[in-house]
Structures are given as C-alpha cells and as structure tokens.
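To start, the structure under review is shown below, and the notes come after it.
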Amino acid sequence: MRSILVAAAFGLVISILATPVAVHLFRRKGFGQEIRDDGPESHLAKKGTPTMGGTVIVAATVGGYLMAHLFLLDQPGRGPSASGLLVLFLMVGLGTVGFLDDYLKIRFRRSLGLNKTSKLVGQLVVGVAFAVLALNFPDEAGLTPASTFVSYVRDMEPLALGTVGFVLLAYLFIAGFSNAVNLTDGLDGLAAGCSAMVCGAYTIISFWQFTHDCTSEPIVGCYTVRDPLDITLVAAAGLGACLGFLWWNTSPARIFMGDTGSLALGGLLAGLAVVTRTELLLVVLGGLFVAVTLSVVIQVAFFRATRRRVFRMAPLHHHFELAGWTENTVIVRFWLVTGMSVAFGLGLFYADWLAFTGL
Numbered sequence: 012m013r014s015i016l017v018a019a020a021f022g023l024v025i026s027i028l029a030t031p032v033a034v035h036l037f038r039r040k041g042f043g044q045e046i047r048d049d050g051p052e053s054h055l056a057k058k059g060t061p062t063m064g065g066t067v068i069v070a071a072t073v074g075g076y077l078m079a080h081l082f083l084l085d086q087p088g089r090g091p092s093a094s095g096l097l098v099l100f101l102m103v104g105l106g107t108v109g110f111l112d113d114y115l116k117i118r119f120r121r122s123l124g125l126n127k128t129s130k131l132v133g134q135l136v137v138g139v140a141f142a143v144l145a146l147n148f149p150d151e152a153g154l155t156p157a158s159t160f161v162s163y164v165r166d167m168e169p170l171a172l173g174t175v176g177f178v179l180l181a182y183l184f185i186a187g188f189s190n191a192v193n194l195t196d197g198l199d200g201l202a203a204g205c206s207a208m209v210c211g212a213y214t215i216i217s218f219w220q221f222t223h224d225c226t227s228e229p230i231v232g233c234y235t236v237r238d239p240l241d242i243t244l245v246a247a248a249g250l251g252a253c254l255g256f257l258w259w260n261t262s263p264a265r266i267f268m269g270d271t272g273s274l275a276l277g278g279l280l281a282g283l284a285v286v287t288r289t290e291l292l293l294v295v296l297g298g299l300f301v302a303v304t305l306s307v308v309i310q311v312a313f314f315r316a317t318r319r320r321v322f323r324m325a326p327l328h329h330h331f332e333l334a335g336w337t338e339n340t341v342i343v344r345f346w347l348v349t350g351m352s353v354a355f356g357l358g359l360f361y362a363d364w365l366a367f368t369g370l
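Residue 12 is where the sequence shown starts when you use the numbering used here, and the numbers rise one by one after that.
Here it is as structure tokens:
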C-alpha cells in the first residue's frame, strides 16, 4: 500500500513542480498552440498558449512509477514487471507520435501536424509492437501480460481471438482510445480531469485484483492477471501526474497537453485495460471519451449522406459551447458525466465479483 501512495504522490509532485518550468521553457522557445480556424471564436484568444505539456505528464508517470520501486527494493520479487513496463512503453510510444504531431504544428505554424496516414502508421507500429510483446513474457504460472480472449471484467473464455485476432483488435482498441482522448482534449482541463478519474478507477481495480490474485489466493472469484500490483503503481502514478498537470491546465490554462499528452493518456488507459483483462469495461469507465468520438463519427457520416449536420459543431463539447454553455460549465458537467461513468463501471466490476462469490 505504501508503494501505491508513493507512486501517486511522486507523480503529483513531479507534475505540479515541472509544469510551470515547462510553461516558461516552451514560452521562451515559442512553442505556442495553433488554433483551428473553424473552431469556436472564443478559442482564438488561446492562440500562443504553450503546448506539448503532455511531456510532463509522461515524465511524471514514469518518474512516479520508478520512485515507487525504490521503496520496494527490500522486497524480493517486487521489481518492475513486464506488464507495468509494457503499459509505460505504450504510453511513451504514443506520446512520441503526439510529440511529432505537436512539433510539426509549431514548426510550420498550422493547426494540423502529422497527416492522418502518418499518425495512423505511428499508432500502428506502437500498438502492434505492444500487442505482440504483451502475449510474451510468461511468469511462473504461465500468465502473460495480455490474453487472446475478449475481456469485459475478466476474460470471456468462449470468445477466443487467437494471436492474429488479438493483435488486430488490440491495435484498433489502442488507436481508438488514443484518438478518443485526443478528440476530448478541446477545453481547458477536460481531458486531464477525465483521464485522472479513469486512472483512479484502474488503481482501485488492479489493487482489488492484487488482493484477490489466483496465484496467491486461489478462491472463487479470483483474477488471473499478471503483475496486478505493478499495474496499480502505473495507474496511481498516472493519476498523480494528471492531477498535478490539471493544477496548471484548468481554465484559463497556462499550458496545453497537446497531442503529446492526449495520445499518451489514451495509450495509458488502453494499456491498463488490456493488462487487467477489462477492455470492454473501459468503454463504460471512459464513456465520455466514447461519446465524444461517436459525435464526430455521426457528424461526418450524416453530413456526407445528407449535407446536413446533427450537431452545431463536433466534437460534442463544441456543440454545447455553441448552444450557449460557458466553457467552465461544459467542463464541469463533462467531469460529472465521467464521474458517473466511473462509478457505474466500478459497480459493474464489483457486481461481477459478488456474482462469482455468491455474496
């Protein structure tokens, strides 16, 4: 338990102290955000705000995780695990893709960085590498970080995908959630606050799996997850990093996370879902991210079919801005929606355990 608190605390401290340093550095180097011309007019005042703050989130998450392990050096078998390192690899890899996107926006002074093909290729390379590696590195019990079954609250054994099927589905899942967080990152503090809540949920879920681990406690309802405690450390460090960044990212934002942060956080959440065997549960926990993405899909599909729009503007948060909601109103209400989604998802997780145990 102490190591979990250390991971969250150091993630928070690193993020909250390093972010103003990043603001000063990026402002001095002219790393300012370019604003899309077709967005809400109220956002034009944000032009020039330092971006690429996601570098701090990634560094704080990795730093919090490593600092937690310093407190586990005296405990045999508690070093960094394959599951924890692979989730961090996914986060850093997608953060790198986002960093290249942000850099091109700044370099060429435009609101679009990497083209769609280049971004998808980058996500493909990182996502497939993660999926392939996650099916390797079995522990003493033969468990690998990921399984080839479709999972909800735990593996659904009748739904076996096979290696190729898992890699394909994992890539689509990772790319989908990294882009979903990216689409949600349109208002000050929105994506950071929502991501913090989902990371908090995974801190609870993975720690519950650790305390009911089949390898140490083979009872009814236990979980066959590799390295659940180490996954908890990653989730706790991500939670602290998001909260520390949110201190400076709330409206009016001193810095934006950029694609560096949004793609990295989407990768972090997707990676946590894969290694905890809760891919479909993430759709519930991250319901707001799903809704925002669906708003874009519906808007584009309906417009191409009818030349008319369903929403005033997509993604969804811009629709409510143009409907007359203030930016802060949209943010707080979307946070509340995420909080309810997380509570509902945790309820489903706990209900599954009660069903198995017959309590």
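Quick reminder that beta carbons are idealized off the backbone N, C-alpha and C, glycines included.
Buried or exposed by the 16-neighbour rule on C-beta atoms within 10 Å, applied to residue i
i: ALA372; result: Lying outside 12 to 370, the shown extent of the chain, residue 372 is not represented and no answer is given.
i: ARG344; result: exposed
i: ALA281; result: buried
i: ARG39; result: exposed
i: LEU16; result: exposed
i: ALA354; result: exposed
i: PRO149; result: exposed
i: ALA362; result: exposed
i: MET351; result: exposed
i: VAL73; result: buried
i: GLY197; result: buried
i: ALA312; result: exposed
i: MET12; result: exposed
i: HIS35; result: exposed
i: PHE184; result: buried
i: ALA316; result: exposed
i: PHE37; result: buried
i: VAL136; result: exposed
i: VAL164; result: buried
i: LEU254; result: buried
Own chain, CB closer than 7 Å to residue i, minus 5 neighbours either side, in chain order
i: LEU327; result: ALA302, VAL303 and SER306
i: GLN310; result: ARG320, VAL321, PHE322 and ALA325
i: ASN339; result: SER262
i: TYR76; result: ALA18, GLY95, LEU99, LEU244, VAL245 and ALA248
i: SER158; result: ASP166 and ARG288
i: LEU154; result: THR235 and ARG237
i: THR226; result: ALA152
i: VAL143; result: VAL178
i: PHE7; result: Outside the shown range of the chain (12 to 370) lies residue 7, about which nothing can therefore be said.
i: ARG318; result: none
i: THR368; result: VAL231 and GLY232
CB of residue i within 9 Å of CB of residue j, strictly
i: THR62; j: PHE314; result: no
i: PHE160; j: GLU168; result: yes
i: THR66; j: ARG265; result: no
i: LEU359; j: LEU292; result: yes
i: PHE256; j: ILE117; result: no
i: GLY232; j: LEU296; result: no
i: GLY277; j: ASN193; result: yes
i: VAL69; j: ALA275; result: yes
i: ALA181; j: PHE141; result: yes
i: GLY385; j: LEU172; result: This structure cannot settle anything about residue 385, because the visible part of the chain is limited to 12 through 370.
i: GLU290; j: SER162; result: yes
i: VAL108; j: ASP270; result: yes
i: SER189; j: LEU105; result: yes
i: CYS210; j: LEU279; result: yes
i: ASP112; j: PHE42; result: no
i: PRO156; j: VAL286; result: yes
i: ILE25; j: ALA79; result: no
Proximal residues to residue i (C-beta, below 6 Å), its chain only, five neighbours per side dropped
i: PHE331; result: VAL341
i: VAL348; result: LEU299
i: GLY251; result: ALA19, GLY22, LEU23 and GLY75
i: LEU83; result: SER14 and ARG89
i: ALA29; result: VAL67
i: CYS205; result: LEU299 and THR349
i: SER273; result: VAL192, ASN193, ASP196 and ALA202
Beta-bridge pairing of residue i - partner residues as DSSP gives them
i: ALA203; result: Partner(s): none; ALA203 has no beta bridge.
i: PHE160; result: ALA171
i: PRO112; result: Reading off the sequence, residue 112 comes out as Asp, not Pro. According to DSSP, which records beta bridges pairwise, ASP112 is partnered with nothing at all.
i: TYR234; result: ASP224
i: ASP166; result: SER162
8 Å CB neighbourhood of residue i in its chain, flanking five on each side removed
i: LEU201; result: THR195, HIS328, VAL341, ILE342, PHE345 and TRP346
i: PRO229; result: none
i: ASN214; result: According to the sequence as given, residue 214 is Thr; it is not Asn. So the list reads ILE15, ALA19, THR243, ALA246, ALA247 and LEU250, once near-sequence residues are dropped.
i: LEU125; result: VAL108, LEU111, ASP112, LEU115 and GLY133
i: LEU131; result: ALA186
i: PRO31; result: TRP259 and ARG265
i: ALA212; result: LEU296, VAL353, GLY356 and LEU357
i: HIS223; result: ILE230, GLY232, CYS233, TYR234 and TRP364
- In chain order, which alpha helix (DSSP H) runs of at least 4 residues are fully inside the stretch 248-293? 269-286
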